[in-house]
Each structure stands twice: as structure tokens, then as C-alpha cells.
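What follows is a set of notes on a single structure, which appears directly below.
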Amino acid sequence: MKPDPPGGEGSEPQNPGEEPRATDPEAGPGAEEATPEDELVAEDDAVIGRAFARSLKVLAALAAAALIVVALRYVFRAAPEEAREIPVAAPRAVAATPDVPAIAFTDITAEAGIDFVHVNGAEGEALLPETMGAGAAFFDFDRDGDQDLLLVNSTTWNARADAGPTMALYENDGAGRFADRTASLGLATSFYGTGVAVGDVDNDGWVDLFVSAVGPNRLFRNVEGGRFEDVTASAGVAGADTEWSSSSAFFDADGDGDLDLLVGNYVRWSREIDIEVGYQLTGVGRAYGPPLNYGGTTMDFYRNDGSGSFTDVSEEAGMHILNPATDTPVAKTLGLAPVDVEGDGDIDVLIANDTVRNFLLVNDGSGVFTEEGGSYGLAYSREGAATGAMGADAADFRNDGELGFAIANFANEMTSLYVSQGDPTLWSDEAITAGIGAPSRRVLSFGLFFFDYDLDGRLDLLQVNGHLEDDIEVVEPSQQYRQAPQLFWNAGPDAPATFVPVEPAPGDGLTRELVGRGSSYADIDGDGDLDVLLLQTGDRPLLLRNDQETGHHWLRFLLRGDGERVNRDGIGAWVEVEQRTAAGPVVQRRRVMPTRSYQSQVEPLVTIGLGAPASVDELERVEVLWPDGARQAVEVDSFNRVIEVDYEPPN
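Going by the numbering used here, the sequence shown opens with residue -4, and the numbers climb by one from there.
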């Protein structure tokens, strides 16, 4: 939200090699203290005088030596060289930015049958969870081939579990129309939900649900698409009653073929702590404040035993990250981006922390992680400060083999875009040069993700925005509570900047000003392009149908593991498509990872936009790289179709 005060966990790090200043209160033990002048004695003056005299003699000797060198150079100067003609290359013309394709995103929320309203419990006390919103997930709970939708709800603070607001599970009819099946599926229970993760935890072929919360989390087992059973207690993933959990992710951390669970926790919070903090915006009444006055916490990591039951191995897995100066927990986690950073087959995780440094959890292959955010260049902003980091995503967005991390930040902090620099241990924030820095600085961003909205083969970026305070303009005239989302089109490698802000037409769904929080995407109507869901706190979601008419071709891949060597969902796999183009070969690398954005999950399919190739003969190679390292070639005989790929063990 807002940077820490000087000297806090999120303060700007001292320059490497800089000695602590004598008057610096943060100087560590052993730093020299300045001696006051009135404490100097006569012997000190004598010592200073002798040192000063010696300094004058040294300076005089150096001056004489310099004069001798100059004289020698003058006497023995070299003869002038013959004039040489130096070829001067003509200045390289900078390619003009191509025209942004005109594509409509149509608001079909009501038409699609989505009548959900998020309840945040706000009744005037301005308790911090009320402003953070809740997530959503697209997934196929009934295995009929289309993407259904779960919307997480919070609740009122005094609601009963059997009487308060509940989450909503909508069944898709395949054409993008939804029917509420919450009650019949056993999900009509009320608690203060925040985020969601989806994955087949017991490898039975049916996708299960984990819902994070303020208080105990919930795990619902999918019983063959007919109902969901609360198995939280037997699975052992409730977490502490006092935790406030946020984003979470299923992935196979130890390579044993089942899905482990990482749960991010936000801050040490209770109603009593919140009231005591007593944040005010205008000096009158209560307001939602930044997390600076709340303690950090740790993350929870649960290892799957293969049957859907879990063991809490958080501490031994490296999730208890402490401030070495205070020995207190650091994390204030809001976003997760699991991805294999080092290309060694192990899934690492970027942790987006709010007002404290970001983490990069590097996996050793056994599910034990080492925090390397600082040494890799991912912990702080370009200015060396911690940011108010919210949602996160990762992608090879330039199709050049270099990974990028996008992190949504607080107002007056541009969206971060860290890109690997030919080395997985070296990253740099390229937000400004890539074209998203300046346009994103003014807004307060939460959910964001990479996706190819025009199917041209390049990943674009969408982020949803919205402030915390409904009267923020009183103290910050440049801000407003409701803010429009932002879409950035990927203009390709030859453009002056990679990303170009899209100006939607009047009335387009992307012009709607929202109290934006989470976001997600899926092809809800089977036409191959990706539709968008934008979430709000205390308000309705916005379902936007992608009505692109570019004529671009596409392929969609649905991966299935065997449940032994590879998890059933194929989470952690990569799809690689090499294509001949007029500009040369292009390789798209896209990963199967539902956890993206902020407290949300996207569909598990991989969509590859191909532009407008003449024939499938232009596809040089289509391969799946499975989480166990196996490569599997995929035959493609036509465009614009879903290709189902079942894992084949290597011979």
C-alpha cells in the first residue's frame, strides 16, 4: 500500500559498501561515534597539527611529480597520426508503433446470469479486510468441457455459517450462460472468504477447491462433479484461526506427482488491533489504513501425502522468513506467481508483499525453498524501496526466452515489470522502457495478468484498479475511489515500447470505473478468444465478453497428467509452439498455472494465438514439456481447436 517509514523493513537499502554514518541511529554495533569537539584535549591538537604538516609535504611532492610528467609528455610527444576516414553509419530508423487493434469487450454480466454481489461486511468501522476484496476461479468442476465459475464471498462480521452470505458456483452451459448451483453442490456456507485455488488434490480426476479466509481456511473435495465435501479437518489445511490468508496455489513442489499447497498470509490482524491502530484519513472518524502498523507473518506450506491429506511443513520448507534485526516475521503476502525461474524443472515462487520486500522462493527440487529476492534483484523497486505490491503474474511475454514478472502496486507506484537479463539470477525492472510505467503510476492496481487478447501470438497485459478509501480525493485530488481498468497491447519486438495503452471505445466494458480487486480469464463461450472477469469489493463482478474479429487463428491445449509421475491437472507443464513467420521463427512458451492475478485462478487451458498463418505447415514444432522433464511432441492438423494431450511416459 504505502512504503515503510525510514528504517522499516521496506526502507531503501543502504548503498553497498557504504559505512554507517556516525550520527545514523540505524548504524549497527561497532559503528564509530563522532567525538564532540569539547572533549578534545591538547594532545589531540598536537597530533592533528603534525598530520596536517605531513599532508602539506605530500601534496607538494605530488604536485612536483605531476609537473615532471607533463613536461616529459611535452618533450616526447608522439608524431601526429595520418588522418583516417571513420565510416559513420546512418542512424537506424525507429519503427513506428503499429496500430492497436480495435477490439470490443462487452459487458454481459447480467445477460450471462451472474447476479452475485460481494459482501465485505462494511458497516462504518472501517476494518481493513473490508477493503481487500475476494477472488474467483474459472475451472471445469463437472468435466463437461467448459469453464464454470466460482466467486468467493466474504460476509458480515456477525453472520452465522448457515445464514450469512456465501460463495457462488455457476455452471456454464458451454455458450457463456451460467446457472447458480451453489446450494445443490454443498457450498452454501458463510465465512469471510478471500481467495481461491483449484487443483485435483487426490488425483481422482475431479478438481477440488481451496478457499482462503480471514480465520480458518476451507478445502472442498469434488465428489465426481455432483457435490463438494468439506474435508478441511481431515486434510489438515485450515491454518491458524488467527491468520488472514490471501492468495494461494496448488503445484507439485517436490516432484512426486501430487499437488502441494502454498498459502500466503497477509498481516497479523484482529478487530482489536485494527481499532487500536485507529487510522484516520482527514483527522475525523476512522479510515482504512496501510499495513504499516500491523505485524508481518509467515506463509503456510502443506505437503500432499498422495491421497489429498497434507502435512504442515512450513518452517522446514523455508516459509518462516524473519527480519534478522528483530527476529520477527516479514511477509505481508497478497500475490503469488509460481514458475520455474531457473529452468531446472522445479517450481519457484515470486511472493508479492505489501510495503515490505518481495520474495523469490527458489526450490531445491525437494520442496525446500531459499529466499533470494534481494540477490536476484526482485525485492525492491527501481528506486530501491519496497512497494505496496498486490497481484502478480509471470510470462515469457516477448517470446525471447526471458521470463518477466508483473506486479501490481499502490497508487503513485508504477506497476513493476521485472525481466530476466539472460541470467535467471539477474533481473531488472523494465516497466518504464516497456511502456507500462508512466500510465500505471497514478492508479492503485490489484489484479493483473498476461494474456493474448487479440490472438496475434504476443502476450498483452490487463490490470484492474481501484482505491481503498471512498473519499480519497479529499486528501489526494489526483486519486479517485473507482478507477477504470487498463489494457496494454503487446506491439512486438520492433516497436519503440513493448506495451501500448489501449484506449477503449466509449461504452466498452473496459471504460467502467470500478473498485477493482481480483481478475481472471477464460474462454467462456468456446470461440477461442479469452473473456475477462473483473472483481470489486462490496459490489458486483464484471464479466466481459471478448468480441475480437481479427481473423487470427488459435490453438488451445488441455493437458492431463497420469496422476503418478505428473499431477492430473498438468500444473507446471509448458506448451511450446514454434512457428515460421515473415520476420523469422517465433517460439511461444506458455505455462499451465491457474494461480495468477490477485487471490484468483484462471482457466487451466493454454491458449496460443497464431496470427494469420496460411497453413498448419508453418508450425515447425509443437511440444509439451511436462513437470517431470519429459518432452512430448503434439501433432496439429488444423487450426482453431482444443487439443487434449494425455501424458505419455518417456520410454
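A virtual CB, placed ideally from N, CA and C, is assigned to each residue, including glycine. Keep in mind the model is a prediction, meaning the values are calculated, not measured.
- Minimum Cα-Cα distance from alanine 233 among the listed residues Asp253, Asp247, Pro124 and Pro211 corresponds to Pro211.
- Minimum Cα-Cα distance from asparagine 353 among the listed residues Tyr375, Ile342, Tyr371 and Ser361 corresponds to Tyr375.
- Under the three-state reduction of DSSP, tyrosine 413 is assigned to strand.
- Cβ contact annotation for leucine 146 (same chain, cutoff 7 Å, sequence separation greater than five): Phe111, Ala131, Met162, Ala163 and Pro536, in chain order.
- In the displayed model, isoleucine 316 falls within coil according to three-state DSSP, outside both helix and strand.
- Secondary structure at aspartate 534: coil, using DSSP grouped into helix, strand and coil.
- Following the DSSP letters along the chain, one finds aspartate 102 inside the beta strand (DSSP E) bounded by residues 100 to 102.
- Sorting Lys327, Asp564 and Asp168 by C-alpha distance to the C-alpha of leucine 144 places Asp168 at the top.
- Residue state for arginine 266 is assigned as helix, using DSSP reduced to three classes.
- Taking the Cα positions, serine 265 is about 31 Å away from glutamate 367.
- Separation of glycine 417 and arginine 393 (C-alpha to C-alpha, rounded to the nearest whole angstrom) is 13 Å.
- The segment 402 to 419 makes no contact with the segment 287 to 306, as fewer than three CB pairs between them are under 8 Å.
- Straight-line spacing of the CA atoms in valine 209 and proline 645 works out to 44 Å.
- Around leucine 538, the same chain offers Ile103, Thr104, Ala107, Ile109 and Leu528 as residues with beta carbons nearer than 6 Å, after the five sequence neighbours per side are excluded.
- Annotated three-state conformation of threonine 506 is helix, per DSSP.
- Taking a contact as a CB-CB distance under 8 Å, the pair glutamine 481 and valine 510 does not count as one, their CB atoms being some 15 Å apart.
- Taking all protein chains in view, the Cβ of glutamate 464 is crowded by 16 or more other Cβ atoms within 10 Å, so the residue is classified as buried.
- When the Cα atoms are used, threonine 293 and leucine 345 turn out to be separated by approximately 15 Å.
- It is roughly 37 Å from the alpha-carbon of proline 491 to the alpha-carbon of glutamine 627.
- Secondary structure note for glycine 119: it is in no alpha helix (DSSP H), with a DSSP letter that is neither H nor E.
- Here the C-alpha atom of serine 229 lies approximately 13 Å from the C-alpha atom of aspartate 307.
- The segment 545 to 599 is shown to contain no whole alpha helix (DSSP H) run of 4 or more residues.
- By DSSP's assignment, asparagine 167 forms a beta bridge with Phe173.
- By the Cβ-count criterion, glutamate 498 is exposed, with fewer than 16 other Cβ atoms from all chains shown falling within 10 Å of its own Cβ.
- Valine 226 and serine 595 have their alpha carbons spaced roughly 21 Å apart.
- Below 8 Å, too few C-beta pairs join the segment 564 to 577 and the segment 310 to 320 to call them touching: fewer than three.
- Beta-bridge annotation (DSSP): tyrosine 516 is paired with Val527.
- Around the beta carbon of alanine 381, 16 or more other beta carbons sit within 10 angstroms, so the residue counts as buried.
- Annotation for threonine 151: no alpha helix (DSSP H) segment contains it, and DSSP assigns it neither H nor E.
- If you ignore the 5 residues before and after valine 581, its C-beta comes within less than 6 Å of the C-beta of Asn394 and Gln574, all in its own chain and listed in chain order.
- Note that the C-beta distance between isoleucine 402 and glycine 330 is below 9 Å.
- Nearest to leucine 355 by alpha-carbon distance, out of Tyr297, Val334 and Gly556, is Val334.
- Residues Ser185 of the same chain have their beta carbon placed closer than 8 Å to that of alanine 158, with the five preceding and five following residues left out of the count.
- A straight line joining the alpha-carbon of glycine 220 with that of phenylalanine 134 spans about 12 Å.
- Within the same chain, and ignoring the five residues on either side of alanine 244 in sequence, the residues whose Cβ sits closer than 6 Å to its Cβ are Ala192, Leu257, Leu331, Pro333 and Thr590.
- Closest option to leucine 454, judged by alpha-carbon separation, among Ala433, Val601 and Asp341: Val601.
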